[in-house]
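In what follows, a structure is listed as C-alpha cells, so that the remarks can point back to it.
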Amino acid sequence: MSTIVRLPDQKVATLPKRTFLNSEYGLKSWLLTGDHKRIAILYLISITFFFFIGGAFAALIRLELLTPQPDLMASDTYNKMFTMHGIIMVFLFLVPSVPATIGNFVIPIMVGARDLAFPKINLLSWYLYIFAGCFTLSALVLGGVDSGWTFTTPLSTHYLNTHVVTAGLGVFIAGFSSIFTGLNFIVTIHRMRAPGMTWFRLPLFCWSHYAASILMVLGTPVLAISLVLVILERTIGIGVFDPAKGGDPILFQHLFWFYSHPAVYIMILPGMGVISEVISTFSRKRVFGYTAVAFSSVAIALFGFFVWAHHMLIMGISNYSALVFSLLTMLVAVPSAIKIFNWAATLYKGSITFETPMLYAFGFMGLFTIGGMTGVFLGSLGMDIQLTETYFIVAHFHFVMVGGMLMAFLAGVHFWWPKMTGRMYPEGLSKLAALVTFIGFILTFFPQFIVGYLGMPRRYHAYPPEFQVLNVLSTAGATVLGIGYLLPMLYLTWSLKYGAIAGENPWQATGLEWQIQSPPLTENFTVTPIVDYEAYDYEWLANKTKHEVTTVG
Amino acid sequence: MHIISPVLWEFLIRWLTNFALFPPEASTVAPQTDALYLFLVFISVIGCGIVTLLVVGFSIMFRHDRNPEATQIEGSTLLEATWTLIPLVLFMVVFVWGAVLYFRIYNPPKNAMNIYVVGKQWMWKAEHPGGQHEINGLHIPTGRPIQLTMISQDVFHSFSIPAFRVKREVIPGRYTTVWFEATQPGTYHLFCTQYCGTKHSAMIGDIVVLKPEAYEAWIESSTSGTSLAQNGERIFAALGCNACHNGNPDSRGPSLANVYGSKLQLTNGSLITADDAFLRDTILNPSMHVTQGFAPIMPTYQGQVSEEGLIDLVEYIKGLHSNDRIQQTLNTTQVSPAQSGTTASKVPGTVNQ
Amino acid sequence: MDSHATAIEPADVHESHEHPAYLRHHFETPEQQKEASAFGMWLFLLTEIMFFGGLFAAYLIYRNWYYPAFVAGSNTLKISLGTVNTGVLIGSSFTMAMGVWCAEMRKKSGLVLCLLLTMALGLVFLGVKYFEYKEKFELHHVPGADFSIEKFIHPDDPAKNPPLGPDMAAKTQVYFSLYFAMTGMHALHMIIGISILVFLVVRARQGAYINGYVQPIEYFGLYWHFVDIVWIFLFPLLYLINRHPGR
Amino acid sequence: MTYLLIFGALLVGTALTVGAAFVDLGHFNPVVAILIACIKAVLVILFFMHVFYSSRLMKLTVAAGFFTFLVLITMTLSDYLSRAWGLW
C-alpha cells in the first residue's frame, strides 16, 4: 500500500539542534514555563495519568458487572467507582483532552503566532487543573464520593456523608482551568493571527476550538455557581435547592445541565477539528464545503445553549418546556450530520492513504454517526421515556465521548506526534492498536444499546440475570479496549527514543505548523509568517516543495 | 463442545435461550413505543449505511494507488443543502412522532384507576384506594387504565416498568403521575432508574399483572381493613381539621365537600383546579392557597403528617361529597364507633412529635 | 478567580525606546497587546456575568413562588443602609474611573489619590455590610440550624409588616439563602478587588502605570465597575421588593 | 466632564429607584426598579468601562455575554412559568 509519508534520509537525519524541548533544562524550566508547547506537554502527561486512573475505575465497574450478583464489591464501593469514573473522565480527561494538549500545542502555530495571548494564564490553567486533580484524588483517598458525577440534589446535599464538598471543589477548580484555556484560545484566534491569515484561511481545527471555547467561557461559570450553592447547602445549610426548606431541586439540574450539556460540545467540537485536519491531509484534498463545516461548529455552539433541559424530560419539567427543548435538540443534530457528510464528501476524488490517524478518523466517523443518531432517539420525547436512565444512554454518550472524542484524541496525538517530538511512531503497531480499539469499542458498548432497551437501569450494582449475556460481552469488549489503549501508551513512549526522525512535514500537510521544524523552536517562527494561501491548499504546498527542490538542486 | 471450554459452552447456551432485543410488550403503549423505536433504528441503519458506504467506497475508488492525484473540489451548495434538509425533515418527523407519544404516556385518561406510590430510600410503597399496601410490588388488572400518583419522601427516584415502556421521575415534595394499561398477565420488572444512594440497585420490585377476576380476588384477600379514605377520615378528625372545615355557615374554613376537581378562586387572584397536588400543597403550605373569602389562619401541617398520611387525607377529601359525617363527629365530639380502640394520637399517618 | 492579577502583572521594567518595556515577546506591537488583553479581560467579565446569572435565575423563580416571604424578608433590611452603600459603591466606581483617567494623563499623585479613595469607599461598603450581616446573625435570620421565623409570624409592629402564616414564614429562609449567597458572592468579589487595589496602590506610589502602560489600572477598573453593576441590580432586587406593607 | 455627569446620573438613578419603591405603582414597581437599574448599568458599561469608545468586537462581546445571560434566565423560566399551564 502506498503512502504519502515522506521522511528525511534516516542515515543523515538528526533532530534539530535547537528546539523548545532543549532550550532550557531542569524541572523549574518546565514548571515555570510560559511556552504553550511545554504546557501542552505537561497537560498531555497529566491527562494521560488521569485517563488511566479513570480507566481503572471503568475496568473495576465492568468486572463487577460480569455477574448479576453483587459479588466483587459492596454497593457503596461500586457507587464510588462510577462516581470517580465519571468525574475524572468528564472533568479531568474529556474537557481538557484535545484543547489543552493538542490545541495548546498547535493553535498558536496554526494562526502564525509565537505563543498564546496570555502565557501566564495558560500556565495558571495547568496549575488549576493539577489542583483540581489533587482535590478529586483526595476525595478518593479520604474515602470516596458517591454522588454520581451529576451531583443531583437533594441526594448530594442532604443524604450522603461522603466527600461531596471535596469532589465538588475539585470540579469547581477544573472549571476555572477550562475557562482560562477557552479565554486564551478566543483571544489568540481573534487577535494573534499572522498577517494574511484571514478567518476563512484558518484551519477548521481553529474554528472548532473557537466554538468550543465560547462554550467554555460562557457555560462553565454556571456550573461553578451551582456547585458553590451545593457546597454552601452542605456546609452552612442554605436552602436554595432543598425541598424541605421550600427550594426546588430541579433548579439545580437546570443550572447544572446549562453547563453540562454544552460541555458535551466542548468535548466533541475539538475532536471534530482534529478529524477535519486528518481527513483532509490523508485524502490530499481541501475539506468539502469549508464554510459549511466552519459555520456548523459555530451553530453547534450556539444551539448548544438552548437544549440543556433534554436531560430532564421525565424529571418533572413542564410539558410545554419539554416540547420546546426537544424541538431544539432535533435542530442541533443537523449541523453534526452536515459535518459527517462533508467529511465523507471530502474523500470523493481524493487520493486516499491509510495512515494511523486516518484509521482513527474513520473509526470516529462510524462511531460518532451511531452516537449522534442514538442522540436523536433520546431527544425524541416519547422514546426518551423508555430509554433515559438506562444503559442505552450510557452506550449513547460513550459512543459520542469515547467512540467520538477518544478516537479523535488518538487520531490527533498520532497526527501531531511527529511535530511534538520530532519522531515517528511505529506504523504497523499503531495500525493494530487502532483496529483493536475499534473492535473493542464496538464489543463493549454496542451490547449496552440492547440491554438498555431491555430496560437495565444505569448505575446498577446488581441486575436481573437475564441481562448477563450482554453484560459479559460488554466486559469482554472492555478488556480488548483496555489493550487498545495501553498499546499506544507503550509504543509512543518507545518512539521517543527509537522512533524514526520525522522531519518537518512527514504528512505533506498544509498547516503552518507543518512548515516549521519539528519539534518547533520555542518562539515557533523566526520571522513572522505571511500567509498567502487558503487552508488545505495542496497545490500551494506542491509548488513550494518543487521550488525548494529546485533551489537546493 | 466441552473440549473448548465449559464456561464458553454455558455462555453460548444462555445466549441462545435468553437472547432478546425487546422487552415484553405488556401495555397498550408498548407497541407504539416499539414502532417509533423501529423507525428510529431504521433511519439510523440507513444513515450509518450511507456513511459506511461512502467511506468504504471512496476509500477503494480513490485510494492513492488508483488515484495518485486528488481533484480539488470546493464544495457544492446543492449537495450540502440536500444533506441539511433531509436529516432536518427526518428529525422533524421523529420530533412530532415522539411528542405525540409523550403526551399519550403522560396524559392519563379520565377514567383511570388511581394508585398511590411513595418512593423512599430504598423501597417502593404502593397504596391501593382500598387500603391494600404493597412493598416493592404492584398488583394490577389487565384491560383497565391505571394512573399512578407518585411522590418521594427523600431524594429523586424514578419509577420504571420497561415492559410497559413507561417511566417517570418520583420527586420529593411534588406529585407526578404516569399511566398505563396492561395487556398481558405476567410478572414484570420494576426498577428505580434514578440514582438514589447506596442501595439504588436494590430498589426494584415486581409488577404483577392479573386477569381482572384474579385481581379482584387478590384485592379481597389482601385488604388491611381500612381503606385510604377511612384512614384519611381518622387523620382528619385527629388533626382537628373538622373544627374549621365542617361546612357550617359560620365555619372558618371552606367546606371540602365536592371540592375535588372544582375550580377555586384564590385571594391572590388566580383561578386554580383543586387536584391531588393542590390538596396536598394546601395542607402543607396553606397560606399560599387561601380561598377567596377566608382569612389566612390555617396552620401548616408540615412535619406532622407523613406522605402516606397526606395520601390518605387527599383520598378522603377526593371522595367527600357531603359534610354530614364531619358535623356528626363535631357535634358528638366523640370518636365514632368504627374507630373505637384507636386514640387520636396514634392514628397511622400522623407523625408523633 | 483572582487570576486577572496575573494577567495584568506588568512585565519587567527595562528601558528601551524601540520597544516599550512592557511589550511581551510574543506580541508584535503594543496595540496588539492592548487589544488582546482588553478582550481577554472582557471575556473574563462575561464568565462573571454568567456566574451571577445562575443566582439571578434562582432569585427570579423563588420570588415568583414565595412573593410574600420575599417582601417580608426584604423589609427587614434597612433601606437607608442599602441606599448609602449604593451611593458609596457608585462613588468608588467614579473615583476608579478618575483613576484610569489620571493614569492616562500621567498624573501620579492624582492616580494614587483616586486609588486610595476607591479603596476607602470599598472598605466603607464592606463595613456597612458587616453591620448588616451582624444584625441578621442577632435576629437568627441566617439560614441554617439557627434560623428562626419568629419575627415573621409575630412581627414587632404588625401594622407595618403584616404577619405571615408559619408555612410562608418558613420560606423567608429561601429569601435569606439567596440574600447571603448573592451579597456574599458580591462581597467576596469586593474583597478580592480590594486586595488587588492594595497591590496597585503600592506600585502606583513607586511610579508605575504613568508611563503610558495603564492597562493594569484600566482592567482593574473594568473589574471594579463590573462589581458595581452587580450591586446596582442587587440593590433593588433585594432591598426594594415591596415597600408598601399591607398590600 | 463626562465621568462627573455619569456619576451624577447614577446618583439620581439611585434616588429615583428608592423613591419609586415607596410610590405604589402596583405591578410596575419591579419593572421600574429593573428599568432604572438597567439604565444605570448601561451607563456604567458604556462610559466608565469605555465600551462606547471601543471597537465593534468589544461591543459584540459584551452583547454576547448578556445574550447568554438572557438565554439562561428565559429558558429556565420558560419551564417554571409553563408548569402551571398543564397537568403537572
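Protein chains in written order, with this note's numbering: chain F, 232 to 784; chain W, 4 to 356; chain E, 7 to 253; chain B, 1412 to 1499. Where a beta carbon is used, it is the ideal one built from N, C-alpha and C, also for glycine.
Straight across, the Cα-Cα distance linking W/I76 with F/A523 is about 14 angstroms.
Separation of the CB atoms of F/V461 and F/T381 is rounded to 11 angstroms, and the pair is thereby denied contact status at 8 angstroms.
With at least 16 other beta carbons inside 10 angstroms of its own, F/Y769 counts as buried.
Ranking F/T393, F/Y716, F/A425, F/C365 by CA distance to the CA of F/A348 puts F/A425 first. Look at E/M56: its C-beta is under 8 angstroms from a C-beta on chain F.
Following the DSSP letters along the chain, one finds W/L267 inside the beta strand (DSSP E) bounded by residues 266 to 268. In terms of Cβ geometry, E/M174 and E/Y68 do not form a close pair [threshold 8 angstroms]. Closest option to W/T74, judged by alpha-carbon separation, among F/R515, F/F362, F/I338, F/G265: F/R515.
In this structure F/L701 does not touch F/I673 by the C-beta definition: roughly 13 angstroms separates them, more than the 8 angstroms allowed. Scanning chain B for C-beta atoms nearer than 9 angstroms to the C-beta of F/S549 yields S1489, D1490, Y1491, L1492, S1493, R1494, A1495, W1496, G1497, W1499, reported in chain order. Counted as a single uninterrupted DSSP element, the beta strand (DSSP E) harbouring W/V181 occupies residues 179 to 183.
Residue pairing by DSSP places W/S161 opposite W/E172 in a beta bridge. Contact with chain E is absent for W/L274, since none of that chain's Cβ atoms lies less than 8 angstroms from the residue's Cβ. For B/I1447, the secondary structure class from DSSP, reduced to helix, strand or coil, is helix.
Counting only the Cα atoms, F/I714 lies some 45 angstroms from F/D479. Approximately 5 angstroms separates the beta-carbon atoms of F/H541 and F/T560; this is inside 8 angstroms, confirming the contact. Against chain E, a Cβ distance below 7 angstroms from F/G468 picks out P149, G150, A151.
Straight-line spacing of the CA atoms in F/K777 and F/W771 works out to 10 angstroms. Straight through space, the alpha carbons of W/R168 and W/T36 are spaced by roughly 7 angstroms. If you draw a straight line from the Cα of W/A29 to the Cα of W/T186, it comes to about 5 angstroms. Here the alpha carbon of F/L296 sits roughly 20 angstroms from the alpha carbon of F/V376. By the beta-carbon neighbour count (other beta carbons within 10 angstroms, threshold 16), F/G683 is buried.
Neighbours of E/S183 across chain F, judged by C-beta separation under 7 angstroms: I469, G470, V471. DSSP places W/A217 within a helical segment (H, G or I) once states are collapsed to three.
When DSSP states are grouped into helix, strand and coil, B/T1487 belongs to the helix group. Contact annotation: the stretch 686 to 696 of chain F does not touch the stretch 723 to 740 of chain F, with fewer than three C-beta pairs closer than 8 angstroms. Taking F/P247 as the centre and dropping the five residues before and after it, the same chain places the C-beta of Q748 closer than 6 angstroms to its C-beta, in chain order. Exposure of B/Y1464 is indicated by the presence of fewer than 16 other C-beta atoms within 10 angstroms of its C-beta.
Between the stretch 244 to 259 of chain F and the stretch 750 to 761 of chain F there are three or more inter-stretch CB-CB distances shorter than 8 angstroms, so the stretches are counted as touching. Those residues of the stretch 421 to 455 of chain F placed with their C-beta closer than 8 angstroms to a C-beta in chain E are H421, R422, M423, V448, L449, G450, T451, P452, V453, A455, ordered along the chain. Per DSSP, reduced to three states, the secondary structure at F/R269 is helical. Residue pairing for F/M632: DSSP places it in no beta bridge. Contact of E/M174 with chain W is assigned, a C-beta pair being separated by under 8 angstroms. Going by DSSP, E/N167 is part of no alpha helix (DSSP H) at all; its letter is neither H nor E. Residue environment: F/Q617 is assigned as buried (16 or more neighbouring CB atoms within 10 Å of its CB, all protein chains considered). When Cβ-Cβ separations below 8 angstroms define contact, B/L1471 makes no contact with chain F.
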